[in-house]
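This report refers to the structure that appears directly beneath it.
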Amino acid sequence: LKSSEFLGSQSAFTFKIVIQLGSVFAAAWVFRERFLEILHIGKHKHVEGDNDQQRRSKPRRLNLLHVLVGMVPAGILGLLFDDFIEEHLFCVPTVMIGLFVG
481 LKSSEFLGSQ SAFTFKIVIQ LGSVFAAAWV FRERFLEILH IGKHKHVEGD NDQQRRSKPR
541 RLNLLHVLVG MVPAGILGLL FDDFIEEHLF CVPTVMIGLF VG
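In our numbering, the protein residues as written are 481 to 582.
As structure tokens, then:
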């Protein structure tokens, strides 16, 4: 938030990118097995049913299409409200509240 005052605008932008990249890598590491399963290259948890009713009632696996469809509304809202988000959610009080509450 205030990194541009200390680092200059270009260095502050790079700093923000590196910080965000670190959080993306951390989330990817924590959920790596789930991501690999979604991409169909990880361990698959198959539940074998004894009869047709059990096979029909077992939960279906989440695949990459489900993830992409779930991301579309967030992407559209992010594009529509970009200025509002940047103005109100990237200010110091909002970030401080988020750190204390979260």
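Note that beta-carbon positions come from the ideal geometry of N, C-alpha and C, so glycine has one too.
This one's a predicted model, so the numbers in the text were calculated from it and none came from an experiment.
Measure the Cβ-Cβ separation of Ile518 and Leu544 and say whether it is below 7 Å. yes
Can you tell me whether Ile521 is helix, strand or coil according to DSSP? coil
Per DSSP, what kind of secondary structure is Phe511 in: helix, strand or coil? coil
If you reduce the DSSP assignment to three classes, tell me which class Gly582 lands in. coil
Pull up the distance between the alpha-carbon of His520 and that of Arg512, whole angstroms please. 12 Å
Would you kindly work out how many angstroms separate the C-alpha atoms of Arg514 and Val549, rounded to a whole number? 17 Å
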